[in-house]
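Asker: Once you've had a glance at the structure underneath, I'll fire off some questions.
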Amino acid sequence: AASPPSPLWALPEELLLLICSYLDAQALGRLAQVCRRLRLLSSRDLLWRRIARGCLNSGFTQLGTDLAAGIPVKERVKVSQNWRHGRCRRETVLKWKCKQVASFSFSFLMPWMELDDEYLYLSQAENIQAYHLCAEGTGLQHHPQATFSGHQEDVCRFVLVNSHIVSGGGDGSIVLHKIHGSYSVKFSAHEQEVNCVDFQGGLIVSGS
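Numbering (mature numbering (1 follows the signal peptide of the UniProt record, and there is no 0)), first residue to last: -25 to -1, 1 to 183.
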């Protein structure tokens, strides 16, 4: 025969939350492992706010103002404690070979990166590649979803503005790409590499 339901579930949710509010982070974590209902209950932001205010960089000011309302408080406490205790996971997200410029040396030009809600944009040599982010921020796809070309030498800098990519290259040129389309145009802008570029109000500003 099935065991009778626990009298705990007969209590109003407000009383259950009040009881759980006396638990610390470790106890709340153990409570979440009991069953799905307790996992949902113990993950409520209300139970983690007091704990989060005592954590490093958890998104709360000294007055209690929440500066990161879109992120669950439990996750912020988890990240804060991992940071405090030096717990981390290291993994290689993307990897590519360095370009050999001579028989005895390699070029170590750092890639430029930009991030939006769906893609990571990364410069690799003379191209910019877009990698789709996996669900729930668990990583990204290893093969690029799109490649934006046009430079003859390495991309030095680029920006994302209003569904456009504006990039400056080592060949002194500036390339404007429409992200969701095939439109692109190239400008011969400088005699040296373009080290900074921006795009505001239909105006491109660059420097070398």
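Beta carbons: idealized from backbone N, C-alpha and C, even for Gly.
Rounded to the nearest angstrom, how far is the Cβ of C131 from that of V160, given a contact under 8 angstroms?
Answerer: Translated into positions along the sequence shown, residue 131 becomes position 156. Translated into positions along the sequence shown, residue 160 becomes position 185. Actually they are not in contact, since the Cβ atoms of C131 and V160 sit about 18 angstroms apart, beyond 8 angstroms.
Asker: Please confirm whether any heavy atom of the ligand COA lies closer than 8 angstroms to the CB of S181.
Answerer: With respect to small molecules bound, the structure shown includes none, and the ligand COA cannot be examined in it.
Asker: Per DSSP, what kind of secondary structure is I26 in: helix, strand or coil?
Answerer: Here residue 26 refers to the residue found at position 51 of the sequence shown. Residue state, collapsed to three classes: helix.
Asker: Measure the CB-CB distance between R19 and G39 and report whether it falls below 9 angstroms.
Answerer: Translated into positions along the sequence shown, residue 19 becomes position 44. Translated into positions along the sequence shown, residue 39 becomes position 64. No. Outside cutoff.
Asker: I need the straight-line Cα distance from G156 to H165, nearest angstrom please.
Answerer: The residue given as residue 156 occupies position 181 in the sequence shown. The residue given as residue 165 occupies position 190 in the sequence shown. Rounded to the nearest angstrom, the two C-alpha atoms are 27 angstroms apart.
Asker: Going by beta-carbon coordinates alone, are L3 and C(-6) separated by less than 9 angstroms?
Answerer: Locating residue 3 in the sequence shown gives position 28, where the first residue counts as 1. Locating residue -6 in the sequence shown gives position 20, where the first residue counts as 1. Yes, Cβ-Cβ distance for L3 and C(-6) is below 9 angstroms.
Asker: Spatial neighbours of D91 within its chain, please: C-beta separation below 7 angstroms, excluding the five flanking residues on both sides.
Answerer: Reading the sequence shown from its first residue, position 116 is the one you call residue 91. The residues are L135.
Asker: So the candidates are E(-13), Q37 and L31; which of them puts its Cα closest to the Cα of L21?
Answerer: Counting from 1 along the sequence shown, the entry for residue 21 is found at position 46. Answer by Cα proximity: E(-13).
Asker: From V52 to L(-10), what distance separates their C-alpha atoms?
Answerer: Here residue 52 corresponds to residue number 77 of the sequence shown, with the count starting at 1. Here residue -10 corresponds to residue number 16 of the sequence shown, with the count starting at 1. Their backbone Cα atoms lie some 21 angstroms apart in a straight line.
Asker: For a cutoff of 9 angstroms on Cβ pairs, would you count A(-16) as touching chain C?
Answerer: This model lacks chain C altogether; it includes just one protein chain.
Asker: Alpha carbon to alpha carbon, what distance is there between S17 and V180?
Answerer: Taking the first residue of the sequence shown as position 1, residue 180 is located at position 205. Taking the first residue of the sequence shown as position 1, residue 17 is located at position 42. Cα to Cα, V180 sits roughly 51 angstroms from S17.
Asker: Considering only the alpha carbon of each residue, which of A43, D(-2) and R14 lies closest to G29?
Answerer: Counted from its first residue, the sequence shown places residue 29 at position 54. The shortest Cα separation from G29 among A43, D(-2) and R14 belongs to D(-2).
Asker: With I149 as the anchor, note down where its beta strand (DSSP E) starts and where it stops.
Answerer: Position 174 of the sequence shown, counting from 1, holds the residue named residue 149. Residues S148 to K153.
Asker: Would you call the CB atoms of S183 and Q167 closer than 9 angstroms?
Answerer: Stepping through the sequence shown from its first residue, residue 183 is reached at position 208. Stepping through the sequence shown from its first residue, residue 167 is reached at position 192. In contact: S183 and Q167 (Cβ atoms closer than 9 angstroms).
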